[in-house]
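As structure tokens, the structure follows; a few thoughts come after it.
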Amino acid sequence: MDFAFAALLGFLSGSIPFGLILTRAAGLGDVRQIGSGSIGATNVLRTGNKGLAAATVLLDGLKAALPVLAARHFWPGSEGIAAVAAVAGHCFTPWLAFKGGKGFASAAGALAALAWPAMLACAVVWAATVFLTRYSSVASMVSVIAAPLVAWGLGYPQVIPPLLAIAAIVIVQHRANIGRLLRGEEPKVGAKT
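So this is what it looks like as structure tokens:
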């Protein structure tokens, strides 16, 4: 039952579509009608409102971190389930016909709650990858793939299984980006789209 409660809390929290809520509240319409059609911060940034994009990153991270922390407090040992469920809720929100974002900000929030030193190390990996490749999508995928290895190296073996599941979800959500990368059509950071 502990796992079920943690999964339900994580999924419901993760399913809150903050990117869509914020852009609509700001009078910018439906963020799903522009760019990639995602509700995540990268697509919110395509509205031209950096403040809303930053708020989306923060809220998408918090909606994954908070259920992990709650699960740790109320149902110790179930926090990994809450983490995976929160990322899944973001990517497959029931309020939007089980469509959503790509999961990176939520994955970062979940990792911060599971093992914050690993999240800081992965933030460095993300920044270095963006600097070297100029592809945000590549940086996101490299970071989630690196997360289990980083967690193991820093002494957090208990979080490796949920991080592997989260990495799989995030990679699947980036399948369109992978296709564009293979075709040489993926836009680089700072490029005009």
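Residue numbering for the sequence shown follows my numbering, beginning at 834 and increasing consecutively.
Don't be surprised by glycine CBs; every beta carbon is placed ideally from N, CA and C.
A quick note: this is a predicted structure, and the numbers were derived from the prediction, not measured.
DSSP state of residue i, grouped into three classes?
i: N882; result: coil
i: S846; result: helix
i: T1026; result: Caution is warranted here: a pLDDT of 47 is assigned to T1026, below 50, making its placement in the model unreliable, and no coordinate value can be reported.
i: E1018; result: coil
i: G913; result: helix
i: R1013; result: helix
Among the options, which residue has its Cα nearest to the Cα of residue i?
i: W908; options: I999, V983, W928 and G843; result: G843
i: L855; options: A886, I999, M974 and A839; result: A886
i: Y989; options: K932, A859, A839 and A951; result: A951
i: P994; options: W959, N882, G910 and F851; result: G910
i: V901; options: A916, G852 and A972; result: A916
i: G873; options: N882, A998 and G852; result: G852
i: V1005; options: W949, R857, A921 and L841; result: A921
i: A945; options: E912, V1022 and F836; result: E912
i: A918; options: P1020, L1015 and A1000; result: A1000
i: I914; options: V977, L841 and E1019; result: L841
i: A948; options: I867, V1003 and W985; result: W985
i: L996; options: H1007, C924 and P981; result: P981
i: T880; options: C924, A859, A898 and I849; result: A859
i: P1020; options: A943, L845 and S869; result: S869
i: H906; options: F836, H1007, V1022 and K932; result: F836
i: S848; options: K883, L1015, F931 and V1003; result: F931
i: S973; options: V992, Q991, G934 and E1018; result: G934
i: K896; options: P850, W928, I867 and N882; result: P850
Is there a Cβ from chain B that is less than 8 Å from the Cβ of residue i?
i: G862; result: The structure shown contains no chain B; it is built from a single protein chain.
Regarding residue i and the ligand FAD, is the C-beta to nearest heavy atom distance less than 7 Å?
i: F907; result: The model depicted lacks the ligand FAD and carries no ligand whatsoever.
Enumerate, from N- to C-terminal direction, the unbroken beta strand (DSSP E) stretches of 3 or more residues contained entirely within the region 848–908.
none
Alpha helix (DSSP H) segments (min. 4 residues) lying fully within the region 923–1010
937–947, 949–966, 969–986 and 993–1006
Stretch-stretch touch, CB-based, cutoff 8 Å, three pairs: the region 855–863 with the region 936–955:
no
Counting beta carbon pairs with one atom in the region 963–971 and one in the region 887–895, are three or more of them shorter than 8 Å?
no
Is it the case that the region 941–960 contacts the region 1003–1012, given that we only count it when at least three CB pairs across the two stretches are under 8 Å?
No contact exists between the region 1003–1012 and the region 941–960.
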